[in-house]
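Taking it in order: structure first as structure tokens, then the write-up.
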Amino acid sequence: MNALTQRYTVMPGGALKGRLRVPGDKSISHRAIMFGALAEGETEVEGFLDGADCLATLAAFRALGVQIETLGAGHVRVHGVGLHGLTPASDPIDLGNSGTAMRLMAGVLAGQAFASTLVGDASLSRRPMRRVTAPLAQMGARIDATPEGTPPLRIHGAETLRGIDYAMPMASAQVKSALLLAGLYAQGKTCVTEPAPTRDHTERMLAGFGCRVARDGARVCLNGGGRLSGGKVVVPADISSAAFFLVGASIAPGSELLLEHVGINPTRTGVIEILRRMGADIDVFEPREMSGEPVADLRVRYAPLQGIDIPEDLVPLAIDEFPALFIAAACAQGTTRLTGAAELRVKESDRIQAMADGLSAIGVAAEVQSDGIVIQGADAFGGGVIHSHGDHRIAMAFAMAGLRAEKQIEIVDCANVDTSFPGFVDKASAVGLGIGSSL
Ligand code: S3P
1 MNALTQRYTV
11 MPGGALKGRL
21 RVPGDKSISH
31 RAIMFGALAE
41 GETEVEGFLD
51 GADCLATLAA
61 FRALGVQIET
71 LGAGHVRVHG
81 VGLHGLTPAS
91 DPIDLGNSGT
101 AMRLMAGVLA
111 GQAFASTLVG
121 DASLSRRPMR
131 RVTAPLAQMG
141 ARIDATPEGT
151 PPLRIHGAET
161 LRGIDYAMPM
171 ASAQVKSALL
181 LAGLYAQGKT
191 CVTEPAPTRD
201 HTERMLAGFG
211 CRVARDGARV
221 CLNGGGRLSG
231 GKVVVPADIS
241 SAAFFLVGAS
251 IAPGSELLLE
261 HVGINPTRTG
271 VIEILRRMGA
281 DIDVFEPREM
291 SGEPVADLRV
301 RYAPLQGIDI
311 PEDLVPLAID
321 EFPALFIAAA
331 CAQGTTRLTG
341 AAELRVKESD
351 RIQAMADGLS
361 AIGVAAEVQS
371 DGIVIQGADA
381 FGGGVIHSHG
391 DHRIAMAFAM
401 AGLRAEKQIE
411 IVDCANVDTS
421 FPGFVDKASA
431 VGLGIGSSL
């Protein structure tokens, strides 16, 4: 498939109705494969995200000698090899589009007795890796990157790692997780302090696998030299994928949608909080817990939205949801201002610039700032051609904009939607979005 030529055509108007279960959580699916591989015994994963990013992690661990059975849609069984049972991959490990896979695997592979090379696609090859290679070097790892600090990563292995006490300069769950994973192999204690709360799936899942991660305020610590034991992981639906539908139903008059079995870990629910502050009508039903993660059904109904100043402390809790939230802002009364979100510039694309360009293309005023954006809500906007820059979340965000557009929206370069949301077009069509896909 030629990635650049896959395009979506979205008809203007419509409403979202019915019920929907979006695919499994991407962050949790990656971790289920990784921890299952490093554990002793079998780990059965249900609700696994069969998207390209998590399949890259799955293939990577197979290349490292781990037997992983695919038992059906979203159902895999990992035959753990224990912390010291991985074997060298014969070729460079290709992690495709996935920053999570590369950063977390850098932590795992730094602790091995053998060398590994990690490569990625054009987008991943532009993304900053010093944020993990620098603290891993402090732990004793030797990792080579390009002079710009980007992939490929050559991880020498065979070093004895030592625990460090690291204060992260940015709020990154990927960095925290990479260091905790390396910490499993380190002598002594590894501690990471975060400048603001970030998603804590690693800490929760490590606990589920029998490894205690101690938290004291913003600092998490674990001791090296332990072991993990496998078990069952049930992956909730991804709130980051649900976010497109939370926004779509909020902006389209007549909408009412039930999103089933969505992960509502408090380190991920910034999108609900921000949308509610804008006036959205979102209800949380039947909160429950699955595999150490809170889950619920979310009902969202159309409501008129108002622009807001997004509080900076909510930014890491909604970091992947801003493309969708910018579409909500475009449909709100008044101005929405985002600050403190420079991290958006180093995601799968520069999401501030890519969204601003797309918003201008459909006639919505957006002013780019170094660490955020100012969006003027519009009573009405037209259609146009949007470039997603190969970024799944840009493509899906503009697909939702079609619900309020007055003309057709065309989105190009959409193949990477498959990284996080395989079946997006069918699922979105089934609840009322007028979307088609063509090559
Ligand atoms: C992720 C953490 C976030 C997020 C990414 C997944 C994870 O990145 O943007 O999609 O699974 O740990 P950062 O931690 O770098 O902000």
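For the record, in the sequence shown the residue sitting at position 54 is 54 according to the UniProt record's numbering, with numbers rising by one throughout. Ideal Cβ placement from N, Cα and C applies to all residues, glycine included.
Between the alpha carbons of residue i and residue j, how many angstroms are there, rounded?
| i | j | result |
| --- | --- | --- |
| residue 342 | residue 21 | 31 Å |
| residue 365 | residue 376 | 6 Å |
| residue 154 | residue 112 | 13 Å |
| residue 298 | residue 110 | 40 Å |
| residue 279 | residue 128 | 36 Å |
| residue 125 | residue 39 | 30 Å |
| residue 326 | residue 355 | 8 Å |
| residue 249 | residue 401 | 11 Å |
| residue 91 | residue 281 | 50 Å |
| residue 269 | residue 261 | 14 Å |
| residue 347 | residue 353 | 11 Å |
| residue 116 | residue 386 | 38 Å |
| residue 194 | residue 78 | 31 Å |
| residue 232 | residue 65 | 21 Å |
| residue 176 | residue 189 | 14 Å |
| residue 72 | residue 291 | 20 Å |
| residue 394 | residue 349 | 9 Å |
| residue 316 | residue 81 | 34 Å |
| residue 44 | residue 255 | 37 Å |
| residue 96 | residue 213 | 30 Å |
Tell me, which residues are paired with residue i by DSSP?
| i | result |
| --- | --- |
| residue 323 | Its beta-bridge partners do not exist; DSSP assigns none. |
| residue 294 | 289 |
| residue 261 | DSSP output for residue 261 lists no bridge partner at all. |
| residue 338 | 373 |
| residue 306 | 333 |
| residue 8 | 411 and 437 |
| residue 67 | 79 |
Out of the options, which one is the CA nearest neighbour of residue i?
| i | options | result |
| --- | --- | --- |
| residue 420 | 218, 228, 151 and 244 | 244 |
| residue 390 | 374, 414 and 41 | 414 |
| residue 19 | 387, 107, 301 and 102 | 301 |
| residue 265 | 239, 276 and 251 | 239 |
| residue 444 | 228, 57 and 66 | Outside the shown range of the chain (1 to 439) lies residue 444, about which nothing can therefore be said. |
| residue 397 | 430, 329 and 368 | 329 |
| residue 23 | 316, 64, 374 and 235 | 235 |
| residue 67 | 209, 34 and 53 | 34 |
| residue 133 | 72, 93 and 182 | 182 |
| residue 85 | 432, 36 and 152 | 36 |
Which whole-angstrom value is the C-beta distance of residue i and residue j, which I expect to be below 8 Å?
| i | j | result |
| --- | --- | --- |
| residue 309 | residue 337 | 5 Å |
| residue 99 | residue 418 | With a Cβ gap of about 16 Å, residue 99 and residue 418 do not count as contacting. |
| residue 30 | residue 104 | 7 Å |
| residue 332 | residue 369 | Not confirmed; about 18 Å, so no contact. |
| residue 440 | residue 12 | Since the first and last residues shown for the chain are 1 and 439, residue 440 lies out of range. |
**Prompt:** If you scan the region 94 to 177 from start to end, which runs of the beta strand (DSSP E) of 3 or more residues do you find wholly inside it?
**Reply:** 116 to 119, 153 to 155 and 165 to 167
**Item:** Runs of beta strand (DSSP E) lying entirely within the region 396 to 423, each at least 3 residues, in chain order
**Value:** 409 to 412
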